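All remarks here apply to the structure that follows.
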Amino acid sequence: MVNFQEKVNFLWTIAEILRGPYKPEDYGKVILPMAVLRRFDNVLEDTKEDVLKSYEQFKHLPEDARDEILNRKSNQLFNNTSNYDFNKLLNDSDNIAENLRDYINGFSKVAREIIEYFDFDKQIEKMDRNDLLYLTVKRFAEVDLNPNVVSNLEMGYIFEELIRRYSEHAEAGDHYTPREVVRLMVGLMFNDDDDILTKPGITQTLYDGCAGTGGMGSIAQEYLNELNRSAELEFFAQEINEESFAMCKADTLIKGEEAQNIRFGNTLTRDAFPTEKFDYLISNPPYGVEWKPSEKVVREEHENLGMNGRFGAGLPRIGDGQLLFLQHLVSKMKPVSDENPKGSRLAIIMNGSPLFTGDAGSGESEIRRYMFENDLVEGIVAMPTSLFYNTGISTYIWILTNHKTHWRKGKVQLVNAVDYYKKMRKSMGEKRHEISPKQINEIIRIYGDYKESEQVKIFDNEDFGFQKIIVERPLKLNFKVDNERIERIYDQKAFQNLAKSKKKDEARLKEEEAGQKQQKAIIEALQSMDNCTVYKNREIFTDILQSKLKNLGIVTKAPILKAILASLSEKDDTADVCLKNKKGDPEPDSDLRDSENVPLKENKNDYFKREVLPHVPDAWIDEEKTKIGYEIPFSRHFYKYQELRSSDEIKAEIQALEASIIDKLKKVMV
1 MVNFQEKVNF
11 LWTIAEILRG
21 PYKPEDYGKV
31 ILPMAVLRRF
41 DNVLEDTKED
51 VLKSYEQFKH
61 LPEDARDEIL
71 NRKSNQLFNN
81 TSNYDFNKLL
91 NDSDNIAENL
101 RDYINGFSKV
111 AREIIEYFDF
121 DKQIEKMDRN
131 DLLYLTVKRF
141 AEVDLNPNVV
151 SNLEMGYIFE
161 ELIRRYSEHA
171 EAGDHYTPRE
181 VVRLMVGLMF
191 NDDDDILTKP
201 GITQTLYDGC
211 AGTGGMGSIA
221 QEYLNELNRS
231 AELEFFAQEI
241 NEESFAMCKA
251 DTLIKGEEAQ
261 NIRFGNTLTR
271 DAFPTEKFDY
281 LISNPPYGVE
291 WKPSEKVVRE
301 EHENLGMNGR
311 FGAGLPRIGD
321 GQLLFLQHLV
331 SKMKPVSDEN
341 PKGSRLAIIM
351 NGSPLFTGDA
361 GSGESEIRRY
371 MFENDLVEGI
381 VAMPTSLFYN
391 TGISTYIWIL
401 TNHKTHWRKG
411 KVQLVNAVDY
421 YKKMRKSMGE
431 KRHEISPKQI
441 NEIIRIYGDY
451 KESEQVKIFD
461 NEDFGFQKII
471 VERPLKLNFK
481 VDNERIERIY
491 DQKAFQNLAK
501 SKKKDEARLK
511 EEEAGQKQQK
521 AIIEALQSMD
531 NCTVYKNREI
541 FTDILQSKLK
551 NLGIVTKAPI
561 LKAILASLSE
571 KDDTADVCLK
581 NKKGDPEPDS
591 DLRDSENVPL
601 KENKNDYFKR
611 EVLPHVPDAW
621 IDEEKTKIGY
631 EIPFSRHFYK
641 YQELRSSDEI
651 KAEIQALEAS
661 IIDKLKKVMV
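Reminder that position 425 of the sequence shown reads as 425 in the numbering used here, one-by-one numbering, no gaps.
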């Protein structure tokens with residue numbers, strides 16, 4: 001790792017050449033693809049002459065067949081048949097753009113496609129137009145990225161650091177994941193998995209649906225290699241950002257791995273691995289980002305496929321798609337079977353929203369409910385703030401598995417690791433904290449020990465569930481037919497509509513005139529009624545009102561009668577209960593409606609009798625509206641009460657401050 005930071009700094013200083021025609025946030029459009037090209041160039045340089053000789057012999061063959069032969073000559077999974085390389089490009093400064101395009105087109109298909117995703121031809125044209133292309137190629141030719149000088153691991157670090165610097169200007173919600181966070185995620189994901197950590201020659205698969213530049217896959221492979229050199233972790237990934245995808249695929253190709261396992265596209269709308277299942281799954285999905293562009297496809301899959309699709313558990317609100325990515329990963333878990341007795345393990349980092357956003361019955365709550373009721377959530381680790389380069393938000397690592405060890409079955413472990421960090425000597429954007437290797441190991445140890453402590457709480461799945469009950473209270477109204485209440489009827493929509501018509505011309509005028517007459521008749525009928533009596537039973541008053549209107553020949557439909565009753569009524573705790581049907585069931589008062597969240601483990605009727613009825617004896621539970629919800633009040637479980645300072649202490653501090661201010665003012669005035 002001696003060359004790592006030196007190479008990164010050198011490559012990034014090349015950006016100084018671009019100053020002027022390029023804004024700092026656009027440097028990456030040149031630096032990243034050029035770094036890939038230079039690495040390709042160095043990787044192939046030792047075998048270039050052999051490849052060119054073989055090309056002359058086999059150039060008549062179809063491309064796929066020819067590439068297979070030439071790859072054996074290059075000792076890589078790609079080749080280049082152009083007569084140019086970085087050094088030869090410098091021999092013809094006048095035709096640098098044309099020759100560089102020839103060089104790029106000389107790559108075999110898989111490598112050529114990577115460069116195409118950078119959309120680099122536009123940058124070639126722009127640099128050439130501004131007389132920057134030759135200088136840029138010349139500077140890149142000065143850096144040696146040959147595998148004998150820079151290992152694949154180091155090159156991965158270099159790509160990762162270049163991307164990090166480039167992503168400091170990324171949109172909110174798109175977060176490059178720091179190495180130490182990924183190492184912690186990987187450590188938790190591999191926790192207690194003796195096979196992958198110790199079994200000689202074992203091969204397992206890892207999938208990331210929001211791969212970015214593939215950093216999570218690289219770090220997972222690196223982590224595993226440190227513990228079990230004979231183990232192999234095949235990396236599969238999908239990425240929607242074209243430049244990140246190109247970097248990820250380039251890194252995979254350079255490492256001699258199967259580049260076809262890295263696929264482009266929107267994970268939510270077009271699953272690139274529709275039939276694949278994986279041993280391990282890891283991801284850092286975008287936080288708080290709308291999934292509106294994917295809504296049509298996602299909603300259709302949810303409605304048409306249900307649990308046979310990826311999003312059967314529920315759909316979160318449109319403003320945040322994190323829980324969609326979680327469901328997607330869960331759908332990729334290998335089912336437990338005789339061939340795969342340990343199932344799959346999953347690590348995903350999300351912000352706090354998926355813990356508690358959404359009431360009972362909402363999409364978010366239903367997704368959490370599915371995860372808990374199917375015993376998928378093994379643990380959640382709260383992370384320190386200010387770990388990411390472009391956001392200081394709180395984040396949480398979720399660990400899921402479909403095959404818990406016996407002591408974890410039905411249980412969920414919460415780990416509060418918010419204090420496990422050290423301050424950086426120099427902030428990098430929003431990143432002011434980092435987790436040291438020692439702290440990473442300590443968090444993994446605490447998680448693996450599975451013992452309750454100040455930082456660890458262990459719960460049953462049901463502890464996060466609750467029953468949301470709707471508490472109703474009866475509607476009680478009195479009625480009086482005085483001028484003040486009669487006047488209110490003019491504000492009722494149904495009454496106003498009597499004198500309105502959707503017909504045209506004469507028919508409209510005729511209908512409106514008839515309506516106005518009916519309005520007048522209703523008002524006169526009400527004015528003729530007893531204006532002193534206060535009726536405290538709606539059923540009795542309704543009979544009196546209907547009899548009066550009927551005797552006067554006034555026919556009223558249900559909406560008009562309802563409008564009249566609404567105008568003449570007022571809430572009255574001393575009135576009789578209003579009934580909603582002939583069975584005598586009380587009508588609920590929507591203004592008095594309330595809800596209670598009852599722990600899932602508790603009988604809701606017992607709770608109701610104990611907590612509600614003593615305060616409102618006439619209340620009842622609307623059984624049809626009870627919903628089951630799940631939420632994870634993480635902070636509440638680790639809340640520490642801090643005793644308030646005494647008033648004397650605060651007073652003394654204020655007096656000391658006042659004395660200090662007065663003393664300073666005296667010095668100024670003198």
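We treat Cβ as the ideally placed atom computed from N, Cα and C, and that holds for glycine. Note that the coordinates shown come from a computational prediction; the quantities given were computed from them, not determined experimentally.
Unbroken beta strand (DSSP E) stretches of 3 residues or longer found wholly inside the segment 50 to 126: none. Of the candidates ALA575, GLU539, ASN597 and PRO614, the residue whose Cα lies closest to the Cα of LYS582 is GLU539. Shortest Cα-Cα distance from VAL336 to any of LYS277, PRO178, HIS60 and ALA246 involves LYS277.
From the listed residues GLY288, ALA259 and PRO293, the smallest Cα separation to THR269 is found for PRO293. Taking C-alpha positions only, ALA313 is separated from ASN266 by approximately 20 angstroms. Counting C-beta pairs with one atom in each stretch, the segment 148 to 159 and the segment 189 to 198 have fewer than three that are closer than 8 angstroms, which means they do not touch.
In the structure shown, ASN416 falls within a strand segment according to DSSP collapsed to helix, strand and coil. In terms of CA proximity to GLU339, ASP279 leads the group GLU513, LEU346 and ASP279. Secondary structure note for ILE443: its alpha helix (DSSP H) is the uninterrupted segment 437 to 449. Annotation: the continuous alpha helix (DSSP H) that includes ILE650 extends over 647 to 669.
For the pair GLU258 and PHE118, the CB atoms are not nearer than the 8 angstroms cut-off. Looking only at GLY448, ASP589, SER528 and THR626, the smallest Cα-Cα distance to MET189 is reached by GLY448. By the Cβ criterion, the segment 309 to 328 is in contact with the segment 352 to 363, since at least three pairs of Cβ atoms, one from each stretch, lie closer than 8 angstroms.
Less than 8 angstroms separates the beta-carbon of PHE86 from that of ARG38. Annotated as proximal: ILE443 and ALA417, with beta-carbon spacing under 8 angstroms.
Of the other Cβ atoms in all chains shown, fewer than 16 fall within 10 Å of the Cβ of ILE662; this residue is therefore exposed.
Closest in C-alpha terms to THR203, from the list LEU233, LYS504 and ASN304, comes LEU233. For the pair GLY256 and ALA237, the CB atoms are not nearer than the 8 angstroms cut-off.
Where PRO599 is concerned, the enclosing beta strand (DSSP E) starts and stops at 594 to 599. In the structure shown, ALA575 adopts coil according to DSSP, grouped into three states. DSSP places HIS637 within a helical segment (H, G or I) once states are collapsed to three.
Cβ contact annotation for TRP291 (same chain, cutoff 7 angstroms, sequence separation greater than five): LEU268, VAL298, ILE318, GLY321 and LEU324, in chain order. TRP407 sits close to TYR450, with the two beta carbons spaced by under 8 angstroms.
Close CB contacts of LYS249 within its chain, under the 7 angstroms cut and outside five residues either way in sequence, are with ILE114, ALA259 and ILE262 (chain order). For GLN516, the uninterrupted alpha helix (DSSP H) run begins and ends at 505 to 527, by DSSP. By the Cβ test, the segment 90 to 100 is not in contact with the segment 54 to 72, since fewer than three Cβ pairs between them sit closer than 8 angstroms.
Under a 10 Å Cβ-count criterion, VAL616 is classified as exposed, with fewer than 16 other Cβ atoms of the shown protein chains found around its own Cβ. Assignment of beta strand (DSSP E) within the segment 293 to 350, counting only whole runs of 3 or more residues, yields no such run.
In this model, ALA347 and SER647 are separated by some 48 angstroms (Cα to Cα). For TYR607, the enclosing alpha helix (DSSP H) stretches over residues 604 to 611. Contact annotation: LYS73 and SER54 have beta-carbon atoms nearer than 8 angstroms. Rounded to the nearest whole angstrom, the C-alpha separation of GLU160 and LEU70 is 30 angstroms. Residue nearest to VAL110 within the set ASN130, ILE349 and ASP67 is ASP67 (criterion: CA-CA distance).
Residue environment for TYR287: buried (at least 16 other C-beta atoms within 10 angstroms of its C-beta).
Taking 8 angstroms as the cut-off, the Cβ atoms of TRP398 and VAL415 do not count as close.
Per the coordinates, the alpha-carbon of ASP530 lies some 43 angstroms from the alpha-carbon of GLU596.
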